[in-house]
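**Student:**
There are 2 protein chains.
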Amino acid sequence: MEDEEQLSLVFAALADRTRREILVHLSRGSATVGEISAPLSISAPAVSQHLKVLERAGLVTRTVNAQWRTLSLQSQPLDAATAWIQEQRGTWNLRLDALEAHLEGMTAPSPP
Amino acid sequence: MEDEEQLSLVFAALADRTRREILVHLSRGSATVGEISAPLSISAPAVSQHLKVLERAGLVTRTVNAQWRTLSLQSQPLDAATAWIQEQRGTWNLRLDALEAHLEGMTAPSPP
DNA sequence: CTTATATTTAAGTTATTGATTAATTAAGGA
DNA sequence: TCCTTAATTAATCAATAACTTAAATATAAG
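Below you can see the structure in the form of structure tokens.
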């Protein structure tokens, strides 16, 4: 899969409150679907769908034993996400730009 | 606004390829809506809506001069996003969990 | 072989998203 | 004033998201 596409899936996965709760749970250790579902107030199929979204984003993996699926958090997509953010961030550039915009807002524009 | 809600808005904003392009543009310096639109192959209203999403997420601010709006990147929501991710990540926990899940997958489950 | 448990698939509903075109607002310049 | 430029609002549409209930699948256990 393409890199940009992968990033979209990761951020979209993280955009949902319930899915973030699931990731928080998994950050304390791997768990079965049942264990993940327990504290959530939604139906089992709803959880299943959320897990599918997380899996497609590469944020979790599933291992099967008998009728249980054990979900585990994967760090790589999380790292890719933070890497992208940090790449844009460029600390002092941001501060300078903010100042610049502020000043421009008070005086004349510099249109094309 | 609530913290969780804010995070959802930020991640949802980052989940769109076009909006990420806009942020990349702005990370190189503030720009007007026209300048942001130029390299994008979508209509002006579409850009306007994307900017609204970014603004609601707190990722950009708008300053007005005459008929121009100058957009600037804001670092705080980006920091909040990376902070959340890093909070879950806990490097070696993840590695241990992955191993643990792998082993569990090969042997017996530990059901509730 | 029958039943209970864990989870997924299917089908349907409602809300939200990302886009479009057409119309509107606002400012500056001829 | 009239026209052009910059940007937003309004109305509309198709695709997707997040849920639901009901049915299906798979495995273990009686």
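Going down the list, the protein sequences come from chains A and B.
In short: position in the first sequence from 1, add 57, done, that's the working numbering.
In short: position in the second sequence from 1, add 57, done, that's the working numbering.
A virtual CB, placed ideally from N, CA and C, is assigned to each residue, including glycine.
Residues in the same chain with beta-carbon distance under 8 Å from His107(B), minus the five sequence neighbours each way, listed in chain order, please.
**Tutor:** Walking along the second sequence from the start, residue 107(B) turns up at place 50. So the list reads Asp73, Thr75, Arg76 and Ile79, once near-sequence residues are dropped.
**Student:** Would you tell me roughly how many angstroms separate the C-alpha atoms of Ala101(A) and Ser94(A), rounded to the nearest one?
**Tutor:** As a working note, residue 101(A) is residue 44 in the first sequence. As a working note, residue 94(A) is residue 37 in the first sequence. For Ala101(A) and Ser94(A), the distance between alpha carbons rounds to 7 Å.
**Student:** Quick check: is the beta carbon of Gly147(A) nearer than 8 Å to any beta carbon in chain B?
**Tutor:** Counted from its first residue, the first sequence places residue 147(A) at position 90. Yes, its Cβ sits closer than 8 Å to a Cβ of chain B.
**Student:** Can you tell me which of the three DSSP states Leu128(A) falls into?
**Tutor:** Translated into the one-based positions of the first sequence, residue 128(A) becomes position 71. The three-state reading of DSSP puts Leu128(A) in strand, counting E and B together.
**Student:** When Cβ atoms are compared, which residues of the stretch 67-84 of chain B fall closer than 9 Å to chain A?
**Tutor:** Only Val67, Phe68, Ala69, Ala70, Leu71, Ala72, Asp73, Arg74, Arg77, Leu80, Val81, Leu83 and Ser84 from the stretch 67-84 of chain B bring a Cβ to less than 9 Å from some Cβ of chain A.
**Student:** Give me the chain B residues within the contact set of Gln143(A), using Cβ-Cβ distance strictly less than 9 Å, ordered along the chain.
**Tutor:** On the first sequence, residue 143(A) is found 86 positions in, with the first residue counted as 1. Residues of chain B passing the Cβ test: Leu135 and Thr139.
**Student:** Can you find the residues in the same chain that come closer than 8 Å, C-beta to C-beta, to Thr118(A), ignoring five residues on each side of it along the sequence?
**Tutor:** In the first sequence, the residue the question calls residue 118(A) occupies position 61. Result list for Thr118(A): Glu112, Leu128, Ser129 and Gln131, in chain order.
**Student:** Buried or exposed for Gln133(A), please, with buried defined as at least 16 other CB atoms from any protein chain shown within 10 angstroms of its CB.
**Tutor:** Along the first sequence, one-based indexing puts residue 133(A) at 76. The residue in question, Gln133(A), is exposed, as its Cβ has fewer than 16 Cβ neighbours within 10 Å.
**Student:** So, Phe68(A) versus Leu64(B), is the Cβ gap smaller than 8 Å?
**Tutor:** As a working note, residue 68(A) is residue 11 in the first sequence. As a working note, residue 64(B) is residue 7 in the second sequence. No. Outside cutoff.
**Student:** What does a CB cutoff of less than 8 Å around Ser105(B) pick up in its chain, not counting 5 residues either side in sequence?
**Tutor:** Counted from its first residue, the second sequence places residue 105(B) at position 48. Excluding sequence neighbours, Ser105(B) sits near Val90.
**Student:** Could you give the distance in angstroms between the alpha-carbon of Arg146(B) and the alpha-carbon of Leu135(A)?
**Tutor:** Counting from one through the second sequence, the residue named residue 146(B) turns up at place 89. Counting from one through the first sequence, the residue named residue 135(A) turns up at place 78. C-alpha separation (whole angstroms): 8 Å.
**Student:** Only counting the same chain, and skipping five residues up and downstream in sequence, which positions put a Cβ closer than 6 Å to that of Val110(B)?
**Tutor:** Numbered from 1 along the second sequence, position 53 holds the residue referred to as residue 110(B). If the five residues before and after Val110(B) are omitted, its C-beta is found closer than 6 Å to the C-beta atoms of Ala70, all from its own chain and listed in chain order.
**Student:** Tell me, to the nearest whole angstrom, how far the beta carbon of Thr139(A) is from that of Gln143(B); I am working on the premise that it is less than 8 Å.
**Tutor:** In the first sequence, residue 139(A) corresponds to position 82, counting from 1. In the second sequence, residue 143(B) corresponds to position 86, counting from 1. About 7 Å separates the two Cβ atoms, so the contact holds.
**Student:** Which value, in whole angstroms, describes the spacing of the CA atoms of Leu66(A) and Asn122(B)?
**Tutor:** On the first sequence, residue 66(A) is found 9 positions in, with the first residue counted as 1. On the second sequence, residue 122(B) is found 65 positions in, with the first residue counted as 1. For Leu66(A) and Asn122(B), the distance between alpha carbons rounds to 37 Å.
**Student:** Does any C-beta atom of chain A lie closer than 8 Å to the C-beta of Ser65(B)?
**Tutor:** Counted from its first residue, the second sequence places residue 65(B) at position 8. It does; some Cβ of chain A falls within 8 Å.
**Student:** Whose CA, out of Gly86(A), Ser87(A) and His82(A), lies closest to the CA of Leu97(A)?
**Tutor:** Here residue 97(A) corresponds to residue number 40 of the first sequence, with the count starting at 1. Nearest of Gly86(A), Ser87(A) and His82(A) to Leu97(A), Cα basis: His82(A).
**Student:** Could you tell me which of Ser87(B), Gly115(B) and Thr120(B) sits nearest to Glu59(B), measuring between CA atoms?
**Tutor:** On the second sequence, position 2 is the one that residue 59(B) refers to. Among Ser87(B), Gly115(B) and Thr120(B), the Cα nearest to that of Glu59(B) belongs to Gly115(B).
**Student:** Apart from the five residues on each side of it in sequence, which residues of its chain come closer than 6 Å, Cβ to Cβ, to Arg126(A)?
**Tutor:** Sequence index remark: in the first sequence, residue 126(A) carries index 69 (1-based). The residues Val90 and Arg119, in chain order, have a CB closer than 6 Å to that of Arg126(A) in the same chain once the five nearest residues on each side in sequence are set aside.
**Student:** Which residues, in chain order, does the stretch 98-110 of chain A contribute to contact with chain B at a C-beta distance below 8 Å?
**Tutor:** none
**Student:** Can you give me the Cβ contacts of Trp141(B) inside the same chain, cut-off strictly under 8 Å, excluding the 5 residues immediately before and after it?
**Tutor:** The sequence position of residue 141(B) within the second sequence is 84, counting from 1. Counting only Cβ-Cβ distances below 8 Å, and skipping sequence neighbours, we find Leu64.
**Student:** Tell me, please, whether the CB atom of Glu112(A) is closer than 8 Å to any CB atom in chain B?
**Tutor:** For this step, residue 112(A) is matched to residue 55 along the first sequence. So no, Glu112(A) is outside the interface.
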